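Visitor:
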Amino acid sequence: MRTSEIQRAGGPSTSLLRRTRVLSVCLTALLCMWFFGNLYEALVWNPQLIADPRPGSLVGEFAVGSPVYYYLPWTPVSVALAVVLRVRFGGSVSSRVRRSWSAAIGCLVLAVVLKIGLISQVNPTFRDATVAAEVVRERAVWWAFGNGLVVVAVAVAIVLLTAWRRPPDGPSRSG
């Protein structure tokens, strides 16, 4: 680790913050889109489906209005950017920050795996007009649980990937 990159107070140097700014801003924006999309599902779409489970009510996977068009571009790009941040700048930060970034990538991988499982195993039930409403409700509860885990995993990743940029604790500059 280069000592010029890490300030004595434990915070990142100004040059490192400057060099990672664009990557960090893009990564944070994409992760927030992912987070708030899943939060919307958790607070609006899923409770509505649990309260009124209509078989066959979900639009087709690639139909207009499908969430695939919202998530598909942002999710893989955000995971890739997190990996780029870790690989490209991992040698310029403390081991604590590297561990934090690695844990964040683990959270994102967990979120991707959970979403793939939900989309491939639970989601088809919502498109099937022949299933009973009770089955739709049961699967909606599974979706709520899995999606809640995704919300938490992405939120933790956002914190782990951004907390290193804040100044270290110390005396206030405002006096």
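If you read the sequence shown in my numbering, its first letter stands for residue 135, the second for the next number, and so on. In this text, a Cβ means the ideal position worked out from N, Cα and C, and glycines have one as well. Values in this document were obtained by computation on a predicted structure and should not be read as measured data.
1. In chain order, what residues of the same chain lie with their CB nearer than 7 Å to the CB of L244, ignoring the 5 residues before and after it?
2. Taking the C-alpha atoms as reference points, what is the distance between F170 and L206?
3. Would you tell me roughly how many angstroms separate the C-alpha atoms of R152 and Y174, rounded to the nearest one?
4. Counting only the same chain and skipping the five closest in sequence on each side, list residues whose C-beta sits under 7 Å from that of A289.
5. Look at the alpha carbon of L219 and the alpha carbon of L283, and state the distance between them as a whole number of angstroms.
6. Going by other Cβ atoms of all chains shown within 10 Å of its Cβ, with 16 needed for buried, is A291 buried or exposed?
7. Assuming C160 contacts L242 under a Cβ cut-off of 8 Å, what Cβ separation, rounded to an integer in Å, is found between them?
8. Out of curiosity, what's the CA-to-CA distance linking V247 and S191?
9. Please list, in chain order, all residues of the same chain as A297 whose beta carbon is under 8 Å from its beta carbon, the five residues on each side excluded.
10. Quick one: what's got a C-beta closer than 8 Å to R188's C-beta in the same chain, skipping five residues either side?
11. Would you report the Cα separation of V275 and E195, rounded to the nearest angstrom?
12. If I follow the unbroken alpha helix (DSSP H) through E268, where does it start and stop?
13. Helix, strand or coil, according to DSSP, for P189 in the structure here?
14. Determine the contact status of A185 and A278, defining contact as a CB-CB distance below 8 Å.
15. Taking its Cβ as the centre, do 16 or more other Cβ atoms sit within 10 Å of S229, making it buried, or is it exposed?
16. So which of Q255, R232, T162, G199 has the shortest CA-CA distance to W208?
17. Count the other CB atoms, across all protein chains shown, that sit within 10 Å of the CB of T154; report buried if there are 16 or more and exposed otherwise.
Guide: Considering the structure as presented:
1. A287
2. C-alpha separation (whole angstroms): 15 Å.
3. About 33 Å.
4. Excluding positions up to five away in sequence, the list reads F169.
5. 24 Å
6. buried
7. Rounded, the Cβ-Cβ distance is 15 Å, inconsistent with contact.
8. 25 Å
9. Contacts found: S234.
10. For R188, where only same-chain residues beyond five positions count, the Cβ hits under 8 Å are A267, V270.
11. 20 Å
12. 267 to 296
13. coil
14. no
15. exposed
16. T162
17. buried
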